[in-house]
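Colleague: Could you have a look at this structure, given as C-alpha cells, before my questions?
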Amino acid sequence: MSILEQLNSRQREAASCTDSHVRIIAGAGSGKTRVVTVRIAYLIDECHVYPNRILAITFTNKAAREMRERVESMLGPLAASVRISTIHSFCVRLLREDIQSIGYPRNFTILDSEDQKSILKDIYKEKEIDAKSQPYGGMLGYISSCKTTFVDPSQASQLAHSESQKEKARVYASYEARLRDMFALDFDDLLIRAYELLKEKADIREKWQRRFDYIHVDEFQDVDELQYGIIRLLCAPDTKLCVVGDPDQTIYTWRGANVDIIMNFERDFKGCKTVILDENYRSEAHILDGANALIRNNRNRIEKDLYTKQKSDAKIVHFSAADERNEPVWVAARIKTLHHSGVPYREIAVLYRSNYLSRGLEKALLEAHVPYRIYGGIRFYERAEIKDALSYLRLLAPKSAEDERELWKDLAVRRVLNAPKRGVGARSLEQLEEQAREEDTNLYEVLKHPCIKGAKACKGIAEFVSVIEECRAAASSLSIDLLMKKVLESSGYLQMLRDDNENERLENIKELLNDMEEYVENDPEASLNDYLQEIALYTDNDTGESGDAVQLMSVHSSKGLEFDCVFIYSLCEGIFPSERSISEGGGPALEEERRLAYVAMTRARKQLFLSDSMGYSYVLDRIKMPSRFVKEIPAALLDDVGVRPRSRFGEDVDVFQESGFASVPKPSGPSAHYERKKRKGRLQKGDLVQHASFGEGIIIDVKDGLATIAFAQRYGVRRIMADHPSLSRK
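Counting from 1, position 294 in the sequence shown corresponds to residue 336 in the numbering used here; the numbering is continuous, with no gaps.
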C-alpha cells in the first residue's frame, strides 16, 4: 500500500507532485505538517530520492523537531540523512563551511540574547547611558531592524533626528565594531552573512545548489525578503521547491513578513502547481463558518473556505458589556462555569490584540480565584513602565507619622531618578546613598541637599525634586489618575516614551490610568495609600502559574496553538482592529488585522467566545464601539448576550438578555434593564450619539426633553436638548 493512502485527496495531490514546483495553500488545522512529512517519506520510499538530497526548512525549533520526529516514525534510520532544520541552523552549517571566504574564521562565535545584552552593558557603561532610558530590549530591536533592512551604522546616524535616535546609532556602531573584533555573529548576522555568501560567491552558491534536489519551506506566508532571498539562491534550475503556507495567516508584516511573496510565487517560479488544503481537522463547523465569513472581506487573498466533517449545532457566543469593568468579570465567570463543567483550565485561552488589555483580565481572574499564566509575556503590574509609574506615585504619598525615616522611598528613587535620564551616574548615586546612611534618612531627603560634585548631576537632581514637590503639593486637589498623569508628564517620563516610539509601553500607562479612574469611581473617598496598598496585593498574589491554568496571551503569541475553548477579548474599534490600521484607510493594515482575528478564531476547537464593552476608553480617548469584525460574522452564527449598542456598521441592536449563566454579574446602570427591541425614532438611554462639538457620547438618561450624555473625559457629562440640531444618533 502506498504511503499516500493515509492522506485525503487534496493532501495526496500535494504530496505526490514531484515533477514541478508546488505551492501548498494550507488552511488552519488542515494537516500541513503531515502532508510535508508524508511527501518527504514518499520521495524517499517510492521515488527513490536519496535522503540527503532533501532539505526542509522551518522557522522554529519546535516545528523542526516535530517534523523530524514524524519523518523518523515513517522512515526509521533513513530519516537521519534528511536535512530538516530551522533557517538559522541551516545558515550556521553553511557559514561553518564557507565563511572564511569573507574574512571570518570557521569557529566564529554565535551570540545569544544574553551575550548581546552583556555587550550592550559594556557599551552603556563606557558611554554613560542609563538602561532605563534606553532599555536593552528596545536597543536590540533597533539594531535588528537596521540590520535586516541593510542599514549600516553610518546610514543609521544620517537617518537619526532626535537625540535618542542619535544615541542609538552610536551604540549600534560600537556594537558592530565589538562583534567584528570578536569574530562574533548575532542571529541576524547568520542570515545576512549566508545571503551575502550565496549572492556574491558563485562557486559557493553552485556548490550548495548541487546538494539538493528537493527543498521544502514551512510557514511560507511569514518569510521576509532576506529569508526568501536565501531560499531562491539555494535553488538551481532543476531544483524542485515546495512551499507551504496560508496567506490568510500572514500576521507578521511588522517584523518583515511579506504576504506578496506567497501570493506571487507563481510569477517567480514559472509552471508551479498550486494545491489548496481546505479540510479542517481542528475546529467545529460553527467556528469555521464564522472564520470563513470574516476573512472573505479581505481582497488580497487566495480564495478558499475551510470545512469540516464535524457537525455542530453550537453558536459563537458574543457578549457585549455595559462597561469595560463588566467585560473581564463576565469572562472570568464564564471560565469558572466551563471549568465546573469539566473543561481543564489549561484548555481555555483568552486572546487579546495588545498586551495592555491583560490588566482587567488579571484582576478579574484573581478575584474569581481562577489560576492563570501570561503566555510569552509579563504580568501587567510587573512590566517595567508600570513599576516606574507606581514608583513615581509612591514618592507622592503623604508622610507617615509612624515611619519617620521612610526608607522604602529608596527603592522608588533608585528606579526613577534616571527615568528619564538626569545625568546621575552610578558613582554619584553611591555617594548619595552614603550621605543618606550618615544622616540616617531616606535617599529622597538627601536629594534636597545633595553633597556631590558635578553640575549636570546636581541640575538633574534639582529638577527631579522640583517635580516631586510640585506634584505632592497638588495631590490633595487631584484625583489619583490625574495626579499620576501630572507627575508622568511633568517628569518627562511620557515624553521619553513618545520620543522612543514606545507605543506599547504608552498603552500600558494609559491602561494604568484607566485602572486608577475605575478605582476612584468605585471608591471616591479612597486615598493614594489605599490604592498603592491594593496594587501591592495584586502584585503579591500567587495565581498558580504552574499546572492547570488559563492561558492569557496576545493573538500573535497564539499562532500555532489550539485550545478547546477560546475567548477573544475586547473586540472594539480602535483596539481590534487597531487604531493605526483604521487611520490608514482600510488597506493592507486593516487586512492584516482581519487575518489576525481569523488566526484567533481558528485557535478554538470546540467553543469560541467574543467579547467587547461600551463606555469611555483612556487608551482610545473616546467612547468605545463594537468591532466591525463582529458585524462581519453572520448574525445566525452568533449567540448574543449582554448589552449590544447600536453599531455604525448596521441598523439592528441587541440589548441585555439572560445568558443562562446566573453567576455573571449583570451590568450596572441604565443599560441593565432594557427590553429587547429595535431603537428607532427619539433618542433613548443607551444610544450612541455624535455632537458637533463634543464628539461621540452615550446617553445615560432622557427626561423632559433633556438628554444626559457622557462624552470623553475632557468634556465629561453634559445635559443637552434631545432634539438639538447639533446632536445626532450614530
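Backbone N, C-alpha and C define an ideal beta-carbon position, used for all residues, glycine too.
Any idea what DSSP makes of C89, helix, strand or coil?
Modeller: coil
Colleague: Candidates R107, R341, R479 and V371: which alpha carbon is nearest R636's?
Modeller: R341
Colleague: Between the alpha carbons of V458 and D157, how many angstroms are there, rounded?
Modeller: 26 Å
Colleague: If you draw a straight line from the alpha carbon of N339 to that of I675, how long is it in whole angstroms?
Modeller: 10 Å
Colleague: By Cβ distance, which residues of its chain are closer than 7 Å to T102, with the 5 residues on each side in sequence left out?
Modeller: Non-local C-beta neighbours of T102 in its own chain, meaning closer than 7 Å and more than five positions away in sequence, comprise T128, ordered along the chain.
Colleague: Is the CB-CB distance between E738 and R664 below 8 Å?
Modeller: In this structure, R664 lies closer than 8 Å to E738 by Cβ.
Colleague: Compute the Euclidean distance between the alpha carbons of P462 and M538, then round it to the nearest angstrom.
Modeller: 6 Å
Colleague: With H, G and I counted as helix, E and B as strand and the rest as coil, what does DSSP make of L730?
Modeller: Taken through DSSP and simplified to helix, strand or coil, L730 comes out as strand.
Colleague: Please report the distance separating the alpha-carbon of S383 from that of A752.
Modeller: 40 Å
Colleague: Q200: buried (16+ other C-beta within 10 angstroms of its C-beta) or exposed?
Modeller: exposed
Colleague: Identify, in the order they occur along the chain, each residue of the same chain with its Cβ nearer than 8 Å to the Cβ of V134, setting aside the five sequence neighbours on each side.
Modeller: Taken in chain order, the residues that qualify are I152 and L232.
Colleague: Under three-state DSSP, which class holds M595?
Modeller: In the structure shown, the three-state DSSP call for M595 is strand.
Colleague: Taking all protein chains shown into account, decide if H258 is buried (16 or more other Cβ within 10 angstroms of its Cβ) or exposed.
Modeller: Around the beta carbon of H258, 16 or more other beta carbons lie within 10 angstroms, which makes this residue buried.
Colleague: With distances taken from CA atoms, which of A202, E205 and L268 is nearest N230?
Modeller: Note that residue 230 corresponds to Asp in the displayed sequence, not to Asn. Here the closest residue by C-alpha is L268.
Colleague: Can you find the residues in the same chain that come closer than 7 Å, C-beta to C-beta, to G159, ignoring five residues on each side of it along the sequence?
Modeller: This sequence places Lys at residue 159; Gly is not what is there. Hits under 7 Å: Y178.
Colleague: Determine the DSSP secondary structure at A461, reduced to helix, strand or coil.
Modeller: coil
Colleague: For E448, which residues in the same chain have their Cβ closer than 6 Å to its Cβ, ignoring the five residues on either side in sequence?
Modeller: N484
Colleague: In terms of residues, what are the limits of the beta strand (DSSP E) holding M558?
Modeller: From DSSP, M558 is part of no beta strand (DSSP E) but of the alpha helix (DSSP H) over N545 to N564.
Colleague: Please check the pair D557 and S612, which I expect to be a contact at CB under 8 Å, by giving their CB distance rounded to whole angstroms.
Modeller: Rounded, the Cβ-Cβ distance is 14 Å, inconsistent with contact.
Colleague: Closer than 8 Å, CB to CB, is R138 near chain C or not?
Modeller: Annotation note: the requested chain C is absent from the structure, which comprises a single protein chain.
Colleague: Should E549 and T295 be called a contact, given that it needs their Cβ atoms to be closer than 8 Å?
Modeller: no
Colleague: Should the segment 77-85 be regarded as contacting the segment 96-112, the criterion being three or more beta carbon pairs within less than 8 Å?
Modeller: yes
Colleague: How far does the alpha helix (DSSP H) with S115 in it reach, from first residue to last?
Modeller: It spans N103 to L117 - the alpha helix (DSSP H) in which S115 sits, taken as one unbroken run.
Colleague: Taking only runs that begin and end inside the segment 285-345, name each unbroken alpha helix (DSSP H) of 4 or more residues, in chain order.
Modeller: 301-305, 307-310 and 327-337
Colleague: Per DSSP, which residues does L652 bridge with? Please list them.
Modeller: H360 and I610
Colleague: Going by alpha carbons, who is nearest to D541 out of Y349, P386, E621 and E205?
Modeller: E205
Colleague: What is the residue span of the beta strand (DSSP E) that A68 lies within?
Modeller: V64 to A68
Colleague: Less than 6 Å between C-beta atoms, sequence neighbours within five positions excluded: which residues of the same chain meet that for V706?
Modeller: Residue placement at V706 is poorly supported in this model, since its pLDDT is 36, which falls under 50; the coordinates still yield a value, given next. Cβ neighbours of V706 beyond the five flanking positions: W372 and A375.
Colleague: Assess, as a yes-or-no matter, whether the segment 208-215 is touched by the segment 164-177 under the definition of 3 or more beta carbon pairs within less than 8 Å.
Modeller: yes
Colleague: In three-state DSSP terms, what is S58?
Modeller: If DSSP states are grouped into helix, strand and coil, S58 belongs with the helices.
Colleague: May I ask whether a heavy atom of the ligand GDP can be found less than 7 Å away from the beta carbon of E205?
Modeller: Among the components of this structure there are no ligands whatsoever, and the ligand GDP is therefore not found.
Colleague: For the alpha helix (DSSP H) holding K528, just list the boundary residues, first then last.
Modeller: I522 to S532 is the span of the alpha helix (DSSP H), which, as asked, contains K528.
Colleague: Compute the Euclidean distance between the alpha carbons of L407 and Y387, then round it to the nearest angstrom.
Modeller: 12 Å
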